[in-house]
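Report on the following structure.
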Amino acid sequence: VTIDRDAGTIVAVGEEAVDGAGGEVGALADAETLDASGSLVIPGLVNAHTHVAMTLLRGYADDKPLDPWLREDIWPAEAALTPDDIEAGAELGVLEMIRSGTTAFADMYFSMDRVADVVDRAGLRARLGHGAVTVGKDDADARADVEESVAVARDLDGAADGRIRTAFMPHSLTTVGEEYLREGVAAARDAGVPIHLHANETSDEVDPIVEERGERPIAYADDIDALGEDDFFAHGVHLDEGEIDRLAESGTAIVHCPASNMKLASGMAPVQRLRDAGVTVALGTDGAASNNDLDVFDEMRDAAMLGKLAADDASAVPAEAAVEMATAAGADAIGLPGGRIEPGAAADLAVVDLDAPHLTPVHDPVSHLAYAARGSDVRHTVCDGRVLMRDRDVLTLDADAVRARAADAARDLIDRVERD
Numbered sequence: 004v005t006i007d008r009d010a011g012t013i014v015a016v017g018e019e020a021v022d023g024a025g026g027e028v029g030a031l032a033d034a035e036t037l038d039a040s041g042s043l044v045i046p047g048l049v050n051a052h053t054h055v056a057m058t059l060l061r062g063y064a065d066d067k068p069l070d071p072w073l074r075e076d077i078w079p080a081e082a083a084l085t086p087d088d089i090e091a092g093a094e095l096g097v098l099e100m101i102r103s104g105t106t107a108f109a110d111m112y113f114s115m116d117r118v119a120d121v122v123d124r125a126g127l128r129a130r131l132g133h134g135a136v137t138v139g140k141d142d143a144d145a146r147a148d149v150e151e152s153v154a155v156a157r158d159l160d161g162a163a164d165g166r167i168r169t170a171f172m173p174h175s176l177t178t179v180g181e182e183y184l185r186e187g188v189a190a191a192r193d194a195g196v197p198i199h200l201h202a203n204e205t206s207d208e209v210d211p212i213v214e215e216r217g218e219r220p221i222a223y224a225d226d227i228d229a230l231g232e233d234d235f236f237a238h239g240v241h242l243d244e245g246e247i248d249r250l251a252e253s254g255t256a257i258v259h260c261p262a263s264n265m266k267l268a269s270g271m272a273p274v275q276r277l278r279d280a281g282v283t284v285a286l287g288t289d290g291a292a293s294n295n296d297l298d299v300f301d302e303m304r305d306a307a308m309l310g311k312l313a314a315d316d317a318s319a320v321p322a323e324a325a326v327e328m329a330t331a332a333g334a335d336a337i338g339l340p341g342g343r344i345e346p347g348a349a350a351d352l353a354v355v356d357l358d359a360p361h362l363t364p365v366h367d368p369v370s371h372l373a374y375a376a377r378g379s380d381v382r383h384t385v386c387d388g389r390v391l392m393r394d395r396d397v398l399t400l401d402a403d404a405v406r407a408r409a410a411d412a413a414r415d416l417i418d419r420v421e422r423d
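Sequential numbering from 4 applies to the sequence shown in our numbering.
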């Protein structure tokens, strides 16, 4: 694979390296070469839904269903977070993603100016948004939170030399009131930014909407103009056939988070039915507090296996589909370049070292990616034509300093939470 570093794109794919004019790459005095012998070159992976700073809460609260987990543990901890904490957690999460071959991600959280700075320094791509929540707040605070989500989407879009794009990100259809949702969606449409939210994650989320409105969540989202070909919803576990059809008609993508769904016992998303209907399905890790890592290789394996179980069909969600969801479909869902290896595509790549017992023999490399590979098998990571990791050495972040800072921040955070 030959890359134009200045343009950040792939020039050619094949055995012979070329420059942008078609000449041999050896003619370029400053050409940089990555050794990929015995390795598999793949598109950089896409983590299409996460809360990257939640690395600070990895292992903090486990083995609970979603609602009590949020209300009893996560939301109280998040209330104590400072912007410095979020920056430290984001650095740790971004470091983890670079080391496991992820080159683009979508992040819903807080203090997004700090997260954007981390993304800029680390060299990744991201779709960022402030996760607005209005439940339990008075009108002034609720309105301010939604306005902040709109402002982040408007003001950060195009940062980091265009590697950062944004979205309006209300947390969910049940944690943001209808009036605020309508106002935020209208503002997002005016600003030309997509919408990302959690939808149909658990039956406890679906049932109140049905009881209060007499319609299911996707119909509610449709009513407030939150469906569209640039929009993407996380989870989509509890969907009926009508909702699947409406998602397909509108072009709204679903981000499947299998590890988080299993850990929180949220249910099994109908991935094969979604794909059969023409819905773009991407993969996400969700936050590290409910996963508990940010390794998209794990999500490929979990998606393929859980998809078979959900469909009661061993041929459902085959290896090729899992890899596509982690690459091309992921990039398409969150509207960022990458996900493909072809001339003109963004130069976002990961090099997977096949020299390992669990990757021997290689009958089918795609099978290995979906069922056997691990993030730790990634040898090099490239984003936008820039080498972010060479021979497992991350070049854009000081790994030891990042880990130490995050460990200190996590300890201090939990101390504050327990004191309160």
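A virtual CB, placed ideally from N, CA and C, is assigned to each residue, including glycine. No experiment lies behind these values; they were computed from the predicted model shown.
Residue range of the unbroken beta strand (DSSP E) whose run includes residue i
i: S42; result: S42 to P46
i: G132; result: R128 to A135
i: I167; result: I167 to T169
i: I257; result: A256 to H259
i: A190; result: From DSSP, A190 is part of no beta strand (DSSP E) but of the alpha helix (DSSP H) over E181 to A194.
i: D7; result: T5 to D7
i: L60; result: Segment: none, L60 is in no beta strand (DSSP E) and carries neither H nor E.
i: R393; result: R389 to R393
i: I13; result: T12 to A15
DSSP beta-bridge partners of residue i
i: D38; result: DSSP, once it has assigned bridges, lists no residue as partnering D38.
i: Y112; result: H133
i: P173; result: A135
i: N50; result: F108
i: A285; result: V258
i: L277; result: DSSP lists no partner for L277.
i: I198; result: F171
i: D396; result: R393
i: T384; result: A353 and M392
Nearest-angstrom beta carbon gap, residue j and residue i [assumed within contact, 8 angstroms]
i: A162; j: R128; result: Going by Cβ atoms, the distance from A162 to R128 rounds to 11 angstroms, so no, they are not a contact pair.
i: L119; j: I89; result: The sequence given here has Ala at residue 119, not Leu. Not really, about 11 angstroms apart at Cβ, beyond 8 angstroms.
i: A256; j: V282; result: 7 angstroms
i: M271; j: D305; result: So it is not a contact: roughly 11 angstroms between Cβ atoms.
i: V16; j: E345; result: 6 angstroms
i: A170; j: R130; result: 6 angstroms
i: D351; j: D387; result: 7 angstroms
i: V97; j: V138; result: Their Cβ separation, rounded to whole angstroms, is 29 angstroms, which puts V97 and V138 out of contact at 8 angstroms.
i: I6; j: L391; result: I6 to L391, Cβ: 13 angstroms. No contact.
i: A412; j: A91; result: 4 angstroms
i: P197; j: D233; result: 4 angstroms
i: G338; j: P46; result: At roughly 16 angstroms, the Cβ-Cβ gap does not stay under 8 angstroms, so G338 and P46 are not in contact.
i: C260; j: H241; result: Incorrect: roughly 14 angstroms between the Cβ atoms, too far for contact.
i: S114; j: P86; result: 4 angstroms
Chain-order list of residues whose beta-carbon lies under 7 angstroms from that of residue i (same chain, five-residue window excluded)
i: V136; result: D148, H174, T178 and V179
i: A329; result: L48, V49, L286, V299, E302 and M303
i: G25; result: Confidence at G25 is low in this model, with a pLDDT of 45, below 50, so the placement of that residue should be treated as unreliable; the coordinate-derived value is given next. Excluding residues within five positions, none has a Cβ falling inside 7 angstroms.
i: R61; result: A291, A292 and N295
i: R276; result: I247
i: S42; result: V354, V355, D356, L357 and R382
i: D160; result: R168, T169 and V196
i: H371; result: L362 and V365
i: L267; result: P68, L69, W72 and S293
i: A332; result: T283, V284 and A285
i: D243; result: R219
Endpoints, the alpha helix (DSSP H) within which residue i is located
i: H371; result: P368 to Y374
i: D226; result: P220 to D226
i: V153; result: D142 to D158
i: L84; result: It is not in any alpha helix (DSSP H) - L84 carries neither H nor E in the DSSP assignment.
i: I77; result: Looking at the DSSP string, I77 is not in any alpha helix (DSSP H), and its letter there is neither H nor E.
i: S206; result: S206 to R216
i: A402; result: A402 to R422
Own chain partners of residue i with C-beta closer than 8 angstroms, once the 5 adjacent residues on each side are dropped
i: D225; result: R249 and S253
i: I227; result: E181, L184, R185 and V188
i: G347; result: T12 and I13
i: A83; result: L416, R419, V420 and D423
i: D70; result: T205 and D207
i: E94; result: V121, A125, L400, V405, R408 and A409
Chain-order list of residues whose beta-carbon lies under 6 angstroms from that of residue i (same chain, five-residue window excluded)
i: Y112; result: H54, A56 and G134
i: R157; result: A194
i: E19; result: With a pLDDT of 49 at E19, under the threshold of 50, the predicted position of this residue should be treated as unreliable, though the coordinate-derived value follows. None.
i: S263; result: D289, S293 and N294
i: R389; result: G126
i: D403; result: none
i: A325; result: M303, A306, A307 and A373
Quick check for students: name the residue ranges of the alpha helix (DSSP H) that lie wholly in the segment 231–274, counting only runs of 4 or more.
244–253 and 261–266
Runs of beta strand (DSSP E) lying entirely within the segment 293–363, each at least 3 residues, in chain order
352–356
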